[in-house]
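Enquirer:
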Amino acid sequence: TGHLLVIGAGQAGAQLVSSARELGWAGPITLVGHEPHAPYGRPPLSKAYLRGEVDAGGLALRSNAFYAEQRVELVVGDRVTHVDLAVGEAVAESGRRWTFDRLALATGAEPRRLDLEGSDLDGVVVLRDVADAAALTRRLSEVSDLVVIGGGFIGLEVAATAAATGVRATVVEAGQSLMNRVVSPDTAAVVEAEHRAAGIQVLTGTRPLRLHGDGAVRAVELEDGTELAADLVLVGIGARPRDDLARAAGLCCDGGVVVDELSLASDGRTVAVGDCANLPDPTPGAVPGRRLRLESVDNAIEQAKVAARTLTGDPRPYRSVPWFWSDQGALKLQTAGLAGADDDVVVRTGTRAGQHVALRYRGEQLVAVECVNAPADFLVVRKALATNRTLPRDVAADTGVSLKKLLR
Ligand code: FAD
3 TGHLLVIGAG QAGAQLVSSA RELGWAGPIT LVGHEPHAPY GRPPLSKAYL
53 RGEVDAGGLA LRSNAFYAEQ RVELVVGDRV THVDLAVGEA VAESGRRWTF
103 DRLALATGAE PRRLDLEGSD LDGVVVLRDV ADAAALTRRL SEVSDLVVIG
153 GGFIGLEVAA TAAATGVRAT VVEAGQSLMN RVVSPDTAAV VEAEHRAAGI
203 QVLTGTRPLR LHGDGAVRAV ELEDGTELAA DLVLVGIGAR PRDDLARAAG
253 LCCDGGVVVD ELSLASDGRT VAVGDCANLP DPTPGAVPGR RLRLESVDNA
303 IEQAKVAART LTGDPRPYRS VPWFWSDQGA LKLQTAGLAG ADDDVVVRTG
353 TRAGQHVALR YRGEQLVAVE CVNAPADFLV VRKALATNRT LPRDVAADTG
403 VSLKKLLR
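Residue 8 in UniProt numbering sits at position 6 of the sequence shown, with consecutive numbering throughout.
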């Protein structure tokens, strides 16, 4: 026990302070965040917030009273710039200093930027925080041609919202299918068809070469010579973990702060959680030695709980079936489990119109599921994955029998 300092006041940091208190951390807790806001949820930034259905105030994860009640000192608008692990001291941009007994890193990730001619033109934007979302909302109301670079879930969510408000939207994806780090080509094809039907132009297997403009962006030139008119370009090409602070402090980093299954970093004392952490695969059928980063609300919450247990002296290894959702216009995509490109795809045929369920297999073992507009099937399979149950493939493909019956 003693003073717990948590750096990064996002989804994972907020969960960590609340779980640590709940599990009996008795000493002072300080949560420091760079953004000028109390911890908030990012998922609505590319969905409800962008559609004007929720404002910044509605994004908060906890009320301000919560932090006071839990005796958590919340410091916002300040960035920790230096950490000395041997002495147990952290220094912030403002000059503030904290001594700590235990340190938690929950610094998240930041959008990768394009490194091309013209990528610093006005109107070339990214989306990570509420300030980005506010600027994007304003711009979307003024423009007519949006080009999204990167066919990942954030770009597709924004494209769907833009198209629904009458903006011409084009998505440019370098891979052969959309969201190829997350879903199978089969599921991507279902999503792509829906976006096309909604009027979005989807270009796969091509990438931007340079951006044209005169101060403000006017067009995106692709490698194949195509020139796309653009008065707004959203760059959605993934995120880079914010591990600089950890690296400078001497912690082992490798595309994220390297942690073990208890969320402990290489010094055996500091914990790291959420988007900034590089962790061992937590799934039941994990490939031995496989490490990864998980960028999702589910992981931020579950890994923070694991770290809180570690800090409060009741360590339990992280075991989980990670899950994720993305709302893209009328599509609700949900995934659970971690499939690799080598894992097989069994698509359940004959599902109800508009629904799609793809089961992923490693050998005979069910390892993941991808659902479009099929929340009931999703829940059933997610539960089965968590208890490491499986289904013969031929049975799985037959929609004559409900998954609920099969996996009961
Ligand atoms: P973050 O939420 O990024 O928080 C880290 C915080 O640490 C930031 O506020 C940062 O300013 C602060 N920080 C960093 N360095 C310092 C420092 N040195 N000093 C002080 N503060 C610091 N996930 C889903 O599961 N479903 C979704 O539908 C979904 N939609 C998303 C939509 C968008 C637009 C985005 C950006 C993300 C979405 N995600 C979604 C992902 C999810 O939001 C992230 O996985 C989650 O926020 C990770 O939480 P985190 O606490 O690790 O990092």
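The beta-carbon is built from N, C-alpha and C at its ideal position, and this holds for glycine as well. Remember, it's a predicted structure, so these values are computed and weren't measured experimentally.
Is ARG44 a contact residue of ligand 1, with contact defined as CB to any heavy atom under 6 Å?
Expert: Here residue 44 refers to the residue found at position 42 of the sequence shown. Within the cutoff, so yes.
Enquirer: Looking only at C-alpha atoms, which of LEU361, SER298, ARG318, THR3 sits nearest to ALA341?
Expert: Indexing the sequence shown from 1 puts residue 341 at position 339. It is LEU361 whose Cα lies nearest to the Cα of ALA341.
Enquirer: Secondary structure at ARG354, three-state DSSP: helix, strand or coil?
Expert: Mapped onto the sequence shown, residue 354 falls at position 352. If DSSP states are grouped into helix, strand and coil, ARG354 belongs with coil.
Enquirer: In the DSSP assignment, find the unbroken beta strand (DSSP E) run with ALA241 in it and report its ends.
Expert: Stepping through the sequence shown from its first residue, residue 241 is reached at position 239. Note, ALA241: beta strand (DSSP E), 241-243.
Enquirer: Check ILE303 in the structure and name its three-state DSSP category.
Expert: By one-based count along the sequence shown, residue 303 stands at place 301. Residue state, collapsed to three classes: helix.
Enquirer: So within the region 173-257, which uninterrupted alpha helix (DSSP H) runs reach at least 4 residues, ignoring any that extend past its ends?
Expert: Segments of the alpha helix (DSSP H) lying fully in the region 173-257: 187-199, 246-250.
Enquirer: Is it true that the CB of PHE102 sits closer than 7 Å to the CB of THR5?
Expert: Residue numbering aside, residue 5 sits at position 3 when the sequence shown is read from its first letter. Residue numbering aside, residue 102 sits at position 100 when the sequence shown is read from its first letter. Here the sequence assigns His to residue 5, which means Thr is not the residue at that position. Going by C-beta atoms, HIS5 is nearer than 7 Å to PHE102.
Enquirer: When you compare the region 332-340 with the region 376-390, are there three or more beta-carbon pairs, one atom per stretch, that lie closer than 8 Å?
Expert: With the cut-off at 8 Å, the region 332-340 and the region 376-390 touch.
Enquirer: Is it true that the CB of VAL82 sits closer than 7 Å to the CB of ILE151?
Expert: Taking the first residue of the sequence shown as 1, we reach residue 151 at position 149. Taking the first residue of the sequence shown as 1, we reach residue 82 at position 80. Against a cut-off of 7 Å, the Cβ pair of VAL82 and ILE151 comes out as no contact.
Enquirer: At a cut-off of 6 Å, would you count ALA302 as near ligand 1, judging by its Cβ distance to the nearest heavy atom?
Expert: In the sequence shown, counting from the first residue as 1, residue 302 sits at position 300. For ligand 1, at least one heavy atom lies less than 6 Å from the Cβ of ALA302.
Enquirer: As a quick exercise: from LEU266, ALA231, ALA398, ARG198, pick the residue whose alpha carbon is nearest that of THR312.
Expert: Position 310 of the sequence shown, counted from the start, is the residue given in the question as residue 312. Comparing Cα positions, the closest option is LEU266.
Enquirer: Could you tell me whether the region 272-280 touches the region 300-316, where touching means 3 or more Cβ pairs closer than 8 Å?
Expert: As far as the Cβ criterion goes, the region 272-280 touches the region 300-316, which means the pair count is three or higher.
Enquirer: Please confirm whether ALA200 and ALA231 have their CB atoms less than 7 Å apart.
Expert: One-based indexing of the sequence shown puts residue 200 at position 198. One-based indexing of the sequence shown puts residue 231 at position 229. No, these two residues do not count as a Cβ contact at 7 Å.
Enquirer: Could you name the residues of the same chain whose beta carbon sits closer than 6 Å to that of GLN367, not counting the 5 residues immediately before and after it, in chain order?
Expert: For the purposes of this step, residue 367 is taken as residue 365 along the sequence shown, with counting starting at 1. Correct list, in chain order: GLY287, THR392.
Enquirer: Would DSSP call PRO30 helix, strand or coil?
Expert: Against the sequence shown, residue 30 aligns to sequence position 28. PRO30: coil per DSSP, three-state reduction.
Enquirer: With a threshold of 16 other CB atoms inside 10 Å of the CB of THR163, please say whether the residue is buried or exposed.
Expert: By one-based count along the sequence shown, residue 163 stands at place 161. Classification for THR163: buried.
Enquirer: If you follow the alpha helix (DSSP H) that ARG23 is part of, which residue opens it and which one closes it?
Expert: Position 21 of the sequence shown, counting from 1, holds the residue named residue 23. Where ARG23 is concerned, the enclosing alpha helix (DSSP H) stretches over 13-24.
Enquirer: Could you give the residue range of the alpha helix (DSSP H) that holds ASP396?
Expert: By one-based count along the sequence shown, residue 396 stands at place 394. Segment 395-399, the alpha helix (DSSP H) holding ASP396.
Enquirer: Mapping DSSP to helix, strand and coil, what is VAL8?
Expert: As a position in the sequence shown, residue 8 is number 6, starting the count at 1. Strand, per DSSP.
Enquirer: With 16 as the cutoff for other CB atoms within 10 Å, does GLN17 come out buried or exposed?
Expert: By 1-based counting over the sequence shown, the position of residue 17 is 15. So GLN17 counts as buried.
Enquirer: Which partner residues does LEU76 have in the DSSP bridge list?
Expert: Walking along the sequence shown from the start, residue 76 turns up at place 74. LEU76 pairs with LEU33.
Enquirer: Between which two residues does the alpha helix (DSSP H) carrying ASN66 extend?
Expert: The count along the sequence shown starts at 1 and reaches residue 66 at position 64. Element bounds for ASN66: 66-71.
Enquirer: Around the C-beta of GLN330, are 16 or more other C-beta atoms found within 10 angstroms, so that it is buried, or is it exposed?
Expert: By 1-based counting over the sequence shown, the position of residue 330 is 328. Classification for GLN330: buried.
Enquirer: Could you check the C-alpha separation between TRP325 and ASP216 for me, to the nearest Å?
Expert: Taking the first residue of the sequence shown as 1, we reach residue 325 at position 323. Taking the first residue of the sequence shown as 1, we reach residue 216 at position 214. Spanning the two alpha carbons is a distance of roughly 43 Å.
Enquirer: THR109: beta carbon under 6 Å from a heavy atom of ligand 1?
Expert: Within the sequence shown, residue 109 is the residue found at index 107, counting from 1. The answer is yes for THR109.
Enquirer: When burial is assigned at 16 or more other CB atoms within 10 Å of the CB, is PRO38 buried or exposed?
Expert: As a working note, residue 38 is residue 36 in the sequence shown. Label assigned to PRO38: exposed.
Enquirer: Note the first and the last residue of the continuous alpha helix (DSSP H) segment covering PHE380.
Expert: On the sequence shown, position 378 is the one that residue 380 refers to. First-last of the alpha helix (DSSP H) with PHE380: 377-388.
Enquirer: Is the beta carbon of ARG293 closer than 7 Å to that of PRO282?
Expert: As a first step, residue 282 is located in the sequence shown; it is residue number 280 there, counting from the start. As a first step, residue 293 is located in the sequence shown; it is residue number 291 there, counting from the start. In this structure, ARG293 lies closer than 7 Å to PRO282 by Cβ.
Enquirer: Which whole-angstrom value is the C-beta distance of GLY43 and GLN13, which I expect to be below 8 Å?
Expert: For the purposes of this step, residue 43 is taken as the residue at position 41 of the sequence shown. For the purposes of this step, residue 13 is taken as the residue at position 11 of the sequence shown. The pair is a contact, with the Cβ atoms about 7 Å apart (cut-off 8 Å).
Enquirer: Which one of LEU264, THR206, ALA161 has the shortest CA to CA distance from GLN178?
Expert: Numbered from its first residue, the sequence shown carries residue 178 at position 176. Per the Cα distances, THR206.
Enquirer: Roughly how many whole angstroms lie between the Cα atoms of ARG198 and LEU148?
Expert: Within the sequence shown, numbered from 1, the residue matching residue 198 stands at position 196. Within the sequence shown, numbered from 1, the residue matching residue 148 stands at position 146. Roughly 15 Å between the two C-alpha positions.
Enquirer: Can you list the beta strand (DSSP E) stretches of 3 or more residues lying completely in the region 81-159, in chain order?
Expert: Listed in chain order, they are 82-86, 91-94, 99-101, 104-107, 111-113, 147-151.
Enquirer: Could you check whether LEU213 and VAL193 sit closer than 7 Å to each other, using their CB atoms as the reference points?
Expert: Along the sequence shown, read from residue 1 onward, the residue named residue 193 stands at position 191. Along the sequence shown, read from residue 1 onward, the residue named residue 213 stands at position 211. Result no, Cβ atoms of VAL193 and LEU213 do not sit closer than 7 Å.
Enquirer: Closest to ARG99 by CA distance: which of GLY270, THR32, GLY153 is it?
Expert: Taking the first residue of the sequence shown as position 1, residue 99 is located at position 97. If we check each option's Cα against that of ARG99, THR32 comes out closest.
Enquirer: Closer than 8 Å is the cut-off here; do at least three beta carbon pairs connect the region 106-124 with the region 229-245?
Expert: Touching, yes, given that three or more Cβ pairs across the two stretches are closer than 8 Å.
Enquirer: Is it right to say SER404 is buried, meaning 16 or more other beta carbons lie within 10 angstroms of its own, or is it exposed?
Expert: By one-based count along the sequence shown, residue 404 stands at place 402. Answer is exposed; the Cβ neighbour count stays below 16.
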